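Residue numbers (this note's numbering): 1 to 164.
One structure is given here, and the rest of the page talks about it.
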């Protein structure tokens, strides 16, 4: 399986929306209400928002296999020397085949070029796809962040970081 990691284009928006929506829903399934899930997906993963976030440089890479988008990553600099992984999702058909690793490596290289020496990520509490993935790549748990959603629910994110 030959995976290409490239900069996303507007032709990828529909696939990015589908992959991010499905991936995010899987990470919060059973933790947050259906109502909140739909609101969040409508806000973050609508085509216009993705287009504008892509133009702002927040979606940095997509993974392609035979011109099909199989994964997406995005991030940016949040402070001098400090970067963040904003999102990383891989279509579930292609998980555990190295796509996530290739995407993270591409983003990490880009962030190092931009002066990052430290990289952060938030992972949904109990996310059994994300937590082992990031820990295996040297990220260490730094703390927990609890936010109240618009629907009054608690969303708990684990904050991880590593030196790059």
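Note that the Cβ used here is the ideal one computed from N, Cα and C, for glycine as well.
Being a predicted model, the structure only gives us computed values, none of them experimental.
What do you reckon, is the C-beta of residue i under 7 Å from a heavy atom of the ligand COA?
i, result
"residue 61", "With respect to the ligand COA, the structure offers nothing, as it holds no ligand at all."
Quick check on residue i: does DSSP put it in helix, strand or coil?
i, result
"residue 83", "strand"
"residue 1", "coil"
"residue 74", "strand"
"residue 48", "helix"
"residue 153", "coil"
"residue 160", "strand"
"residue 96", "coil"
Starting from residue i, trace the beta strand (DSSP E) both ways and give me its first and last residue.
i, result
"residue 25", "From DSSP, residue 25 is part of no beta strand (DSSP E) but of the alpha helix (DSSP H) over 13-28."
"residue 143", "140-148"
"residue 118", "118-124"
If residue i and residue j are in contact, beta carbons under 8 Å, what's the gap, nearest whole angstrom?
i, j, result
"residue 47", "residue 6", "Their Cβ separation, rounded to whole angstroms, is 19 Å, which puts residue 47 and residue 6 out of contact at 8 Å."
"residue 163", "residue 117", "6 Å"
"residue 138", "residue 27", "Not confirmed; about 21 Å, so no contact."
Going by the CB atoms, is the gap between residue j and residue i shorter than 8 Å?
i, j, result
"residue 32", "residue 155", "yes"
"residue 82", "residue 73", "no"
"residue 135", "residue 158", "no"
"residue 102", "residue 60", "no"
"residue 58", "residue 21", "no"
"residue 90", "residue 75", "no"
"residue 51", "residue 25", "no"
"residue 36", "residue 153", "yes"
"residue 160", "residue 121", "yes"
"residue 1", "residue 97", "yes"
Can you tell me whether residue i is buried or exposed, with buried defined as 16 or more other CB within 10 angstroms of its CB?
i, result
"residue 150", "exposed"
"residue 104", "buried"
"residue 141", "exposed"
"residue 132", "exposed"
"residue 71", "buried"
"residue 40", "buried"
"residue 17", "buried"
"residue 114", "exposed"
"residue 119", "buried"
"residue 23", "buried"
"residue 54", "buried"
What span of residues does the alpha helix (DSSP H) with residue i cover, start to end?
i, result
"residue 113", "99-113"
"residue 34", "34-44"
"residue 59", "Segment 59-65 is the beta strand (DSSP E) holding residue 59; no alpha helix (DSSP H) there."
"residue 135", "130-136"
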